[in-house]
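In the order they appear, the protein sequences are chains A and B.
Taking this note's numbering, the leading residue of the first sequence gets 633, the next gets one more, and so forth.
Taking this note's numbering, the leading residue of the second sequence gets 633, the next gets one more, and so forth.
Think of the CB as a built atom: it goes at the ideal place given N, C-alpha and C, for glycine as much as any other residue.
There are 2 protein chains.
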Amino acid sequence: MKPHLVIVGGVAAGPKMAAKARRMDPDIPITLVTDEGIISYAACGTPYYLGRVFEDRKKLLVREAEDFGRKNGVTMLTGHRATRIDAAAHTLEIVDLAGGGTRTLEYSKLGLATGARPLMPPIEGLDAPGVFTLRSVTDAFAIDDFIEQYNVRRAVVAGAGFIGLEMVENLRERGMAVTLIELLPQVLPPVDEVVAVAAVKELEQMGADVLLATRVEGLERDERRVTGVLTSRGPVPAELVIMGVGVRPNSELAGEAGLELGLRNTIRVNQRMQTSDPDIYAAGDCAEQTQIVTGEPTWIPLGSTANKQGRVAAVNMAGGNDCFPGVVGTALVRVGGLNIGRTGLQQRDLERLGAERYESCLVPQNDIPGYMPGSAALTLVLHAEKDTRRVVGAQCFGAGEVSKRIDVLATAITAGMTTEQVASLDLGYAPPYAPAMDIVITAANVMGNKLDEATRGVMPGELCRTCTPETVLLDCREPHEWAQGRIAGARLIPLAQIPERAGELPADRPVVVYCKGGLRSADAYRKLKCAGLKDVRYLDGGITCWMGETEG
Amino acid sequence: MKPHLVIVGGVAAGPKMAAKARRMDPDIPITLVTDEGIISYAACGTPYYLGRVFEDRKKLLVREAEDFGRKNGVTMLTGHRATRIDAAAHTLEIVDLAGGGTRTLEYSKLGLATGARPLMPPIEGLDAPGVFTLRSVTDAFAIDDFIEQYNVRRAVVAGAGFIGLEMVENLRERGMAVTLIELLPQVLPPVDEVVAVAAVKELEQMGADVLLATRVEGLERDERRVTGVLTSRGPVPAELVIMGVGVRPNSELAGEAGLELGLRNTIRVNQRMQTSDPDIYAAGDCAEQTQIVTGEPTWIPLGSTANKQGRVAAVNMAGGNDCFPGVVGTALVRVGGLNIGRTGLQQRDLERLGAERYESCLVPQNDIPGYMPGSAALTLVLHAEKDTRRVVGAQCFGAGEVSKRIDVLATAITAGMTTEQVASLDLGYAPPYAPAMDIVITAANVMGNKLDEATRGVMPGELCRTCTPETVLLDCREPHEWAQGRIAGARLIPLAQIPERAGELPADRPVVVYCKGGLRSADAYRKLKCAGLKDVRYLDGGITCWMGETEG
Chain A
633 MKPHLVIVGG VAAGPKMAAK ARRMDPDIPI TLVTDEGIIS YAACGTPYYL GRVFEDRKKL
693 LVREAEDFGR KNGVTMLTGH RATRIDAAAH TLEIVDLAGG GTRTLEYSKL GLATGARPLM
753 PPIEGLDAPG VFTLRSVTDA FAIDDFIEQY NVRRAVVAGA GFIGLEMVEN LRERGMAVTL
813 IELLPQVLPP VDEVVAVAAV KELEQMGADV LLATRVEGLE RDERRVTGVL TSRGPVPAEL
873 VIMGVGVRPN SELAGEAGLE LGLRNTIRVN QRMQTSDPDI YAAGDCAEQT QIVTGEPTWI
933 PLGSTANKQG RVAAVNMAGG NDCFPGVVGT ALVRVGGLNI GRTGLQQRDL ERLGAERYES
993 CLVPQNDIPG YMPGSAALTL VLHAEKDTRR VVGAQCFGAG EVSKRIDVLA TAITAGMTTE
1053 QVASLDLGYA PPYAPAMDIV ITAANVMGNK LDEATRGVMP GELCRTCTPE TVLLDCREPH
1113 EWAQGRIAGA RLIPLAQIPE RAGELPADRP VVVYCKGGLR SADAYRKLKC AGLKDVRYLD
1173 GGITCWMGET EG
Chain B
633 MKPHLVIVGG VAAGPKMAAK ARRMDPDIPI TLVTDEGIIS YAACGTPYYL GRVFEDRKKL
693 LVREAEDFGR KNGVTMLTGH RATRIDAAAH TLEIVDLAGG GTRTLEYSKL GLATGARPLM
753 PPIEGLDAPG VFTLRSVTDA FAIDDFIEQY NVRRAVVAGA GFIGLEMVEN LRERGMAVTL
813 IELLPQVLPP VDEVVAVAAV KELEQMGADV LLATRVEGLE RDERRVTGVL TSRGPVPAEL
873 VIMGVGVRPN SELAGEAGLE LGLRNTIRVN QRMQTSDPDI YAAGDCAEQT QIVTGEPTWI
933 PLGSTANKQG RVAAVNMAGG NDCFPGVVGT ALVRVGGLNI GRTGLQQRDL ERLGAERYES
993 CLVPQNDIPG YMPGSAALTL VLHAEKDTRR VVGAQCFGAG EVSKRIDVLA TAITAGMTTE
1053 QVASLDLGYA PPYAPAMDIV ITAANVMGNK LDEATRGVMP GELCRTCTPE TVLLDCREPH
1113 EWAQGRIAGA RLIPLAQIPE RAGELPADRP VVVYCKGGLR SADAYRKLKC AGLKDVRYLD
1173 GGITCWMGET EG
């Protein structure tokens, strides 16, 4: 077999494979095939282009195909679709989308970076002008042209995933009325309820309409273009509809060649990014991943992962040896003034794996010292495994700096750090950047207390679901805080008065004590236990993170 | 022995010890002794108060002593100095600084959080009005009053450590002419030369005078107050002098009691924060630390560490069990528009431990994608151990977001992660926060190539020192970049022309190839090796990070 690398895909993992393979081996012939006319574009930047955060389309185009090919010594076959792999013969059949001609390329190693494509709900009218998906820059330019051409004032975004939320923000920035429609009862399925509730508040604050638990059932159009969306809650007028209900991997080429497929029809790969055929590699959005925390297969298609996988695949295709261990599922999204991040396992995962094995906590704290201008609120959710005390998941949201805390916790989770190891991390401290005790340290300390059973908390979502008229809600703040608003049905005993007044509480009923953010109520928990009360918990995150009814 | 916790020190570790011990044990008597009148203040915020970043003095006072004592059930002895420990008798002698009376407190466990105090150079005139150290909020208020009273327009800061640089920034903010005087040939001893050079550029850009390798030899005064600083380079006029040449631990009390002292006269402690006397604990700026990377003793007094140590000491003093493993030496500082951070080992450490065992790299890259507004430059230095491939140190500087990268690397270094583990970290990716390949990932990849000997680099500082007329400096950028400025004495061969033109280079002389930031020159390195050149290196960080002469 004459050495010849053939790579299918031109966005992230494909060009990365080609460029890295060339750096590994100056002589080997490399051919890159892509059915698009352009390569290597900044797909994740498209919502911000549409929001006019920047105006120059060219900024989305990272590399020009011909230039990339010349500089890297790669034969560029843009506008060609790969149609069939003959794994035994080591050949790839490709079709010229312009001319229609078919050719066969021989390969010694084949790299698949075929990406993913938008899922579409099984409804009619998807072909109406004004109905778009947003996956490539070509899509973005078409949406932009459509908005300009028709001076669109009213849009619907279907699907409240990361890109859906980015689109709501950016279409609002562009001055449109926007309705977000989501089939599930919460936005952002990859985060816990408490985070999703904060996102909805922010979406509404920026003037978007949010319809949860709502099914898109069809599209209305006039003779020219889309006019509305039919939903399970009635019609919603729309001049522009962005369908963002999810993606699926482009794995048909691999599947038809007999390569093993994995979770959600991704192409199964080992840590060397090798498929079930040792001469075929896959990387990027088409390839299966491993969740490092559980060792289970997962699939979180992201450009960051695609680049890393493409590099590892290239090293191995060129005769080297490199591994991609997997992901922890880190993701960030900005929604107006709210920063949101997540990493590792979430509540839903814990329930699947056995909720009793895990502990959670919820801690609000500012990102930098309160005396510094710009100091802003954060809330951090941690999940830890009781047996090992390992931190297994984290989510953070707020107007403050979220991404640092999430990246630190992603690193700690990847390293398998325990709650105590996180609590003693030597994180940078200087007033412009962080307080002496960063929220990451504070939250790990709170988690440690819970794991030690020095305190016992209840997450706000759980309390909402399990609170009965029996439950005594005890506010331990000061009277002036109480006067400004409290959880509906709560009674007041300020922290300092708890030792002498605990007898006022019915000893046979469950007590949940709360304060502003959780600090005083954890203290109150101890005092109530000392006073002999049996069934006491404190409310994680206090009234700051409370999602239920308030009064006063 | 009747249980009674006595704690000495009221700033960070002391109050933390008292509050945590109380949460651990609701009944044990706790007494806190401090020679100051106030407790628990935000010492690190003082430079920003002096720069009028915020105006309200009260914001620096975190807790009021009486209130703290009442809420936590702690007997507060402010204005009392601890003068003698009788370890055998388990007693502490204290003096009332107001009344002068002496008392003896019995303790079952004693916690020392005696802090540190400014070092003073052995010169005359330190008692002149207008000469200050900055350690406590009391110092800050005195400086502030002095500035107001005399309408100070001209200040000298002696000592270019973190606080020295913060003071330069803030006194400039307040409109003063500022001269920074440093004995060493670089500012910020805890960072490598390339970072220190960037800091000096920024200090000069904000209008400060920087005198390096300059000794403060005396102070001039008139009948009322200080008028100038005498230095090894001549006199510098000054109406205000801030002495920030370092600190030393307050360990005399411990030393006189026979407790074992450690590095730089800190109080030696084990991981439980226990001194050589099992009933005496120490925490905060007076206590020795362990550098996690090397296992060696270190001493980096910081409020963040003090809080963690205080908590651990309290748990153990109250009968629990907790450990503080040490620090990696993370520190952040803002200098005008420049963010600077460091963690782990630095070049000086590597030289002490054996430079040949380590590899370094230097990578410039923007913090968020270039198409996003606010995208700003960063430069990242990594140090790794060749044998284990562990990342052992990192420094980052630039107008971009530094603190996230430093905290991620502090976490990775603490976990003992290899270069490859860092390169595959699942860091958050979304355009407002990070590019698809974060600078941390890019730098780890660059380091991997060096460790594999796929490339061979030279750090700019090393090239400055070792470059001879023999050395061929090769610029591999495009002619239009060359025309805008180049390293003095360099010659130009654009990257694409290297294969056919490598023969123009003298085969027997060392070649150092450079580009803008290091990416193309690493490629050029490979092409030059392919062309048969023997002694080739590329310049880490390219002309972007070059500290020597340029021309054109």
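Query                                                                                                                                                                                                  : Result
As a quick exercise: from A:807, A:802 and A:842, pick the residue whose alpha carbon is nearest that of residue 818 of chain A.                                                                       : A:842
From the DSSP output, in three-state form, read off residue 869 of chain B for me.                                                                                                                     : strand
Determine the closest residue to residue 848 of chain A out of A:869, A:831, A:828 and A:681, with distance taken between C-alpha atoms.                                                               : A:869
Are there 16 or more other CB atoms within 10 angstroms of the CB of residue 998 of chain B, so buried, or fewer, so exposed?                                                                          : buried
Any idea what DSSP makes of residue 634 of chain B, helix, strand or coil?                                                                                                                             : coil
What is the residue span of the alpha helix (DSSP H) that residue 766 of chain B lies within?                                                                                                          : From DSSP, residue 766 of chain B is part of no alpha helix (DSSP H); its letter is neither H nor E.
With a cut-off of 8 angstroms, does the C-beta of residue 1046 of chain A fall near any C-beta of chain B?                                                                                             : yes
Could you list which residues in chain A have their beta carbon closer than 7 angstroms to that of residue 1005 of chain B, in chain order?                                                            : 685 and 686
Identify the residues that DSSP records as bridge partners of residue 992 of chain A: which are they?                                                                                                  : A:1015
Leaving aside the five residues before and after residue 943 of chain B along the sequence, list all residues of the same chain whose C-beta is less than 8 angstroms from its C-beta, in chain order. : 648, 649, 652 and 954
Do residue 1089 of chain B and residue 1172 of chain B count as a contact pair if the criterion is CB distance below 8 angstroms?                                                                      : yes
Among B:677, B:1076, B:718 and B:671, whose alpha-carbon lies nearest the alpha-carbon of residue 696 of chain B?                                                                                      : B:671
Could you check which residue in B:950, B:871, B:643 and B:751 has the C-alpha nearest to that of residue 659 of chain B?                                                                              : B:950
Locate the alpha helix (DSSP H) running through residue 794 of chain A, then write down its first and last residues.                                                                                   : 794-805
Return the residues of the stretch 889-922 of chain B that lie within a Cβ-Cβ distance of less than 7 angstroms from chain A, sorted by chain order.                                                   : none
How about residue 909 of chain A and residue 745 of chain A: do their beta carbons lie closer than 8 angstroms?                                                                                        : no
Using a cut-off of 7 angstroms between C-beta atoms, extract the partners of residue 1056 of chain B located in chain A.                                                                               : 940, 956 and 957
I need the boundaries of the alpha helix (DSSP H) containing residue 941 of chain A, first residue and last residue.                                                                                   : 935-949
What residues of chain B sit near residue 691 of chain A, judged by a beta carbon separation below 8 angstroms?                                                                                        : 1002 and 1003
If you follow the alpha helix (DSSP H) that residue 700 of chain A is part of, which residue opens it and which one closes it?                                                                         : 697-704
Can you round the beta-carbon distance between residue 958 of chain B and residue 975 of chain B to whole angstroms, since I take them to be within the 8 angstroms contact cut?                       : Rounded, the Cβ-Cβ distance is 13 angstroms, inconsistent with contact.
Hey, could you find the ends of the alpha helix (DSSP H) residue 835 of chain B is sitting in?                                                                                                         : 825-837
For the beta strand (DSSP E) containing residue 1155 of chain A, list its first residue and its last residue.                                                                                          : Per DSSP, residue 1155 of chain A belongs to no beta strand (DSSP E); it is in the alpha helix (DSSP H), 1151-1162.
Is the Cβ-Cβ distance between residue 928 of chain A and residue 899 of chain A less than 8 angstroms?                                                                                                 : no
Helix or strand or just coil, what does DSSP make of residue 1096 of chain A?                                                                                                                          : helix
Please report the residue range of the beta strand (DSSP E) in which residue 680 of chain A lies.                                                                                                      : Per DSSP, residue 680 of chain A belongs to no beta strand (DSSP E); it is in the alpha helix (DSSP H), 678-682.
Please state the DSSP three-state secondary structure of residue 978 of chain A.                                                                                                                       : coil
How about residue 1012 of chain B and residue 1037 of chain B: are their beta carbons less than 8 angstroms apart?                                                                                     : yes
Please classify residue 1117 of chain B: does DSSP put it in a helix, a strand, or coil?                                                                                                               : coil
Provide the residue(s) that pair with residue 1183 of chain B in DSSP beta bridges, ordered along the chain.                                                                                           : B:1118
Using CA coordinates, which residue listed in B:1104, B:679, B:1131 and B:1002 is at the minimum distance from residue 688 of chain A?                                                                 : B:1002
Pairs of beta-carbons, one from the stretch 923-937 of chain A and one from the stretch 781-793 of chain A, closer than 8 angstroms: are there three or more?                                          : no
Please list, in chain order, the chain B residues whose beta carbon lies closer than 7 angstroms to that of residue 672 of chain A.                                                                    : Near residue 672 of chain A there are no residues of chain B at all, since even the closest Cβ is about 11 angstroms away, more than 7 angstroms.
Relative to the C-alpha of residue 682 of chain A, which candidate in A:662, A:661 and A:804 has its C-alpha closest?                                                                                  : A:804
Provide the residue span of the beta strand (DSSP E) that contains residue 672 of chain B, from first to last.                                                                                         : 671-673
For residue 706 of chain B, tell me which candidate among B:1178, B:726 and B:654 has the shortest Cα-Cα distance.                                                                                     : B:654
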